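Residue numbers for the sequence shown, in the working numbering: 621 to 702.
A short worksheet on the structure shown next.
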Amino acid sequence: MTTINLSIEKRAYTEQETAAYIGMSRSFLRQSRMEGLRTNRTDAPPFIKIGRSVRYLKEDLDRWLDNHTKLEHLAQEGGCRV
Numbered sequence: 621m622t623t624i625n626l627s628i629e630k631r632a633y634t635e636q637e638t639a640a641y642i643g644m645s646r647s648f649l650r651q652s653r654m655e656g657l658r659t660n661r662t663d664a665p666p667f668i669k670i671g672r673s674v675r676y677l678k679e680d681l682d683r684w685l686d687n688h689t690k691l692e693h694l695a696q697e698g699g700c701r702v
């Protein structure tokens, strides 16, 4: 008898797993999902609904993280005013 060991990498994350993966709070995910795109707010990562469950795909999260501007210092963003 042969035992098959399947190593499956998870593709769809729960809200809690997503918050840990991207380093943001669950409340950020909930608020950004409900509010949509608003001025001066970080956009929500893409999500899917399966029934009543919300899931985030790993490839969408990676793309979302990559698309945010990397800053050397706050003055690049215009957030540091003297």
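Ideal Cβ placement from N, Cα and C applies to all residues, glycine included.
Source: prediction; values computed, not measured.
**Request:** Report yes if the C-beta distance between ARG646 and GLU679 is below 9 Å; otherwise report no.
**Result:** no
**Item:** C-alpha gap between ARG650 and GLN636, whole angstroms
**Value:** 11 Å
**Message:** Please classify THR638 as buried or exposed, where buried requires at least 16 neighbouring CB atoms within 10 angstroms.
**Reply:** buried
**Message:** I need the boundaries of the alpha helix (DSSP H) containing ARG646, first residue and last residue.
**Reply:** 646 to 655
**Request:** Report buried or exposed for ASP666, applying the criterion of at least 16 other Cβ atoms within 10 angstroms of its Cβ.
**Result:** A small correction: the amino acid at residue 666 is Pro; Asp does not occupy that position in the sequence shown. Exposed is the call here.
**Message:** Here's a check: name, in chain order, each residue in its chain whose Cβ is nearer than 6 Å to the Cβ of LEU657, leaving out the five neighbours to either side.
**Reply:** ASP663
**Request:** Along the alpha helix (DSSP H) that carries ARG658, what are the first and last residues, could you check?
**Result:** Where ARG658 is concerned, there is no enclosing alpha helix (DSSP H), given that its DSSP letter is neither H nor E.
**Message:** Measuring alpha carbon to alpha carbon, tell me which residue in HIS688, GLY671, THR659 is nearest ILE642.
**Reply:** HIS688
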